[in-house]
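Just so you know, the sequence shown maps onto residues 59 to 254 in the working numbering. Just so you know, even glycine gets a beta-carbon here, dropped at the ideal spot from N, CA and C. It should be emphasised that the depicted structure is a prediction, and the values quoted were computed from it without experimental measurement.
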Amino acid sequence: MQTRRAQGLCFHCNDRFTTGYRCKKPQLLLLKGQKDVVECKDTSVQQASEVNQDIDVVETQEPAIEPEITLQALTGWSTPKVMRMIAKIGHLEAIVLIDSGLTHNFTSECLASMLRMLVVSVERFIVRVANGKKTCQRSFNKVLVDLQGTKFYLKLFSLPLSGLDLVLGIQWLEMLGSMVCNLKLLTIDFIWDNYI
C-alpha cells in the first residue's frame, strides 16, 4: 500500500491517483474481531517458536471483549496528524501509534519475537479482513513499556503490523483515567504515579 502511494497509484487499480479521483473499483475494508476455534497454520509463528523453544508458555482465558483493529493500524498507513511516539521495550526502541478506535493493545509479531516475550496461550480468535485474510493471535501479559519515561505493564496481542511496532488502544487509554488530549499539538496530559 505504501509503495502504491509513493508511485501515485490508486490502492485498488493501476490508475493514477489525483485530486478528485474516483476509483472504478471502490472497496470498503472492515476488520472485525471474531472468536473462532480453528487450526491456525502460521509458519512465521511456528518458525519463531522453533527458534525460541525455551520461551515459557502460560495459559489463560480470552478476554470477554473481542479485540478490534483499524486498517490504518494494521497496515502502518497514517496521516500527518496521528499520535505516534517512540517507546522503549526491553533493549529496543519501538514505534507506537495511539488509536482510540481500538479495543486492545497490539504488538507486531516481529517485535514479540525479537524480544522473546512470554507467550500466553489463549483460545484462538481470528481477525477477518474484507479481503478474507485471517490472522492468528497470541497474547503477552505484563510487558514493560516505557513511554517517554513513564512505565506501564501492558497486555498485548500480536499481529503482523506493517510500519509499526506497537498500537495502544482503549485498553491502555482506560488505564490513564482522566486526561487532556491536544490533537493540534498531538499531546496527552495525564496523572500517573502522582506525576503529570
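- Under the DSSP assignment, Leu155 falls outside any alpha helix (DSSP H), being part of the beta strand (DSSP E) whose first and last residues are Leu150 to Ile156.
- For Ile147, the enclosing beta strand (DSSP E) covers residues Arg142 to Ile147.
- Counting along the chain, Leu202 sits inside the beta strand (DSSP E) bounded by residues Ser197 to Leu205.
- Annotation: Gly148 to Leu212 spans about 13 Å, alpha carbon to alpha carbon.
- Here DSSP, grouped into helix, strand and coil, assigns Ile228 to helix.
- Taking the CA atoms as reference points, Cys81 sits about 31 Å from Asp223.
- Between Met172 and the set Ala152, Cys239, Lys209 and Cys68, the nearest pair of CA atoms involves Ala152.
- DSSP, read as helix, strand or coil, puts Cys81 in coil.
- For the pair Leu226 and Phe198, the Cα-to-Cα distance works out to about 14 Å.
- Taking C-beta separations shorter than 7 Å and ignoring five residues to either side along the sequence, the partners of Thr208 in its chain run Trp250, following chain order.
- The beta carbon of Phe248 sits closer than 8 Å to the beta carbons of Leu234, Gly235, Ser236, Met237, Val238 and Ile254 from its chain, once the five residues preceding and following it are set aside; these are given in chain order.
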